[in-house]
Amino acid sequence: MRIPSIWSVVLGPALIILLSSVSQGQESPQEDFKEFCQVLKGRFTAKITWAIDWEPFAKKGDQTTAYWEARLAEDDHMLIGKCLIGKGSDTSFMFYHPGSRQIKTVWVDTDGGAGESMTFKKGDKWVQLWNYTKPDGRKVKMTCTLTVTDNGNTHTWHRMGENEKGAFEATEVWYRASDK
Numbered sequence: 038m039r040i041p042s043i044w045s046v047v048l049g050p051a052l053i054i055l056l057s058s059v060s061q062g063q064e065s066p067q068e069d070f071k072e073f074c075q076v077l078k079g080r081f082t083a084k085i086t087w088a089i090d091w092e093p094f095a096k097k098g099d100q101t102t103a104y105w106e107a108r109l110a111e112d113d114h115m116l117i118g119k120c121l122i123g124k125g126s127d128t129s130f131m132f133y134h135p136g137s138r139q140i141k142t143v144w145v146d147t148d149g150g151a152g153e154s155m156t157f158k159k160g161d162k163w164v165q166l167w168n169y170t171k172p173d174g175r176k177v178k179m180t181c182t183l184t185v186t187d188n189g190n191t192h193t194w195h196r197m198g199e200n201e202k203g204a205f206e207a208t209e210v211w212y213r214a215s216d217k
């Protein structure tokens, strides 16, 4: 009787799980990534009324002005974004992952929280699936849908999510200040 090696017993299933989790989700062609970068690059501003507490940025009901700026990097293979909002900020890196054929984003904010998302085009809208972890380990999941109007100068984000306090929903309207 042959005894299976440690590789086939432990690592085989682990690799299958890892590879299947990477490939799950909505695939996108690289052209969608390039189009989404053109949508997001430049500078935007918004007036936001917070639908939830999001320490240290704001409390539920607070109104803040938010600023977004994004630029292409790495020969247009990455979009680097900076969001200044309330009392904090975050920096994000968006890229096309050729292995999973997905538009991915990772970000870190000033309180030490970190997130990742996957973006895909659905009709004439963009959808982002967010997973965010606050510094204390609490989780926030969101589905964010972007509608672009006014020749790309108005971005309406509709956000539906859930955190430790339950479900929430919010809509934000961002206006382009510059496409540079």
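Heads up: the sequence shown runs through residues 38 to 217, numbered per the working numbering. Virtual Cβ for every residue (Gly too), placed ideally from N, Cα, C. Keep in mind that this is a model prediction, so the values were computed, not measured.
For a quick check, are the C-beta atoms of residue i and residue j less than 8 Å apart?
i: Glu206; j: Ile85; result: no
i: Leu116; j: Lys141; result: no
i: His195; j: Thr182; result: yes
i: Asp138; j: Ser65; result: The residue you asked about is not Asp; residue 138 is Arg in the sequence shown. Cβ distance < 8 Å, so Arg138 and Ser65 count as in contact.
i: Lys124; j: Pro93; result: yes
i: Trp167; j: Lys178; result: yes
i: Trp105; j: Trp211; result: yes
Taking DSSP as the reference, what is the three-state secondary structure of residue i?
i: Gln139; result: strand
i: Thr113; result: Checking the sequence, you will find Asp at residue 113 rather than Thr. The answer is coil: DSSP assigns Asp113 none of H, G, I, E or B.
i: Gly248; result: Residue 248 is absent from the structure shown; the chain starts at 38 and stops at 217.
i: Lys71; result: helix
i: Asn188; result: helix
Only counting the same chain, and skipping five residues up and downstream in sequence, which positions put a Cβ closer than 6 Å to that of residue i?
i: Val143; result: Phe130, Glu153
i: Val63; result: Residue identity differs from the one stated: residue 63 is Gln in this sequence, not Val. So the list reads Phe157, once near-sequence residues are dropped.
So the candidates are the options; which of them puts its Cα closest to the Cα of residue i?
i: Glu199; options: Glu111, Glu106, Thr170; result: Thr170
i: Gly174; options: Gly149, Ala107, Asp216; result: Gly149
i: His114; options: Gln100, His134, Pro172, Phe81; result: His134
i: Lys159; options: Asn168, Pro172, Val185; result: Val185
i: Asp187; options: Arg213, Asp99, Lys97; result: Arg213
i: Lys217; options: Gly118, Lys96, Trp87, Ala88; result: Gly118
i: Thr180; options: Met197, Glu68, Gly98; result: Met197
i: Lys96; options: Ala88, Ala103, Thr102; result: Ala88
i: Pro172; options: Asp69, Ala151, Ala107; result: Ala151
On the premise that residue j lies in contact with residue i, defined as a C-beta separation below 8 Å, what is that separation, rounded to the nearest angstrom?
i: Leu109; j: Cys74; result: 6 Å
i: Thr102; j: Thr128; result: Not confirmed; about 19 Å, so no contact.
Return the chain-ordered list of same chain residues with a C-beta closer than 7 Å to the C-beta of residue i, the five sequence neighbours on each side being excluded.
i: Lys162; result: Thr182, Leu183, Thr184
i: Phe132; result: His114, Met115, Lys141
i: Asp146; result: Gly125, Ser126, Asp127
Please return the same chain residues whose Cβ sits closer than 8 Å to the Cβ of residue i, not counting the five positions on each side in sequence.
i: Val76; result: Trp163, Leu183, Val185, Gly189, His192
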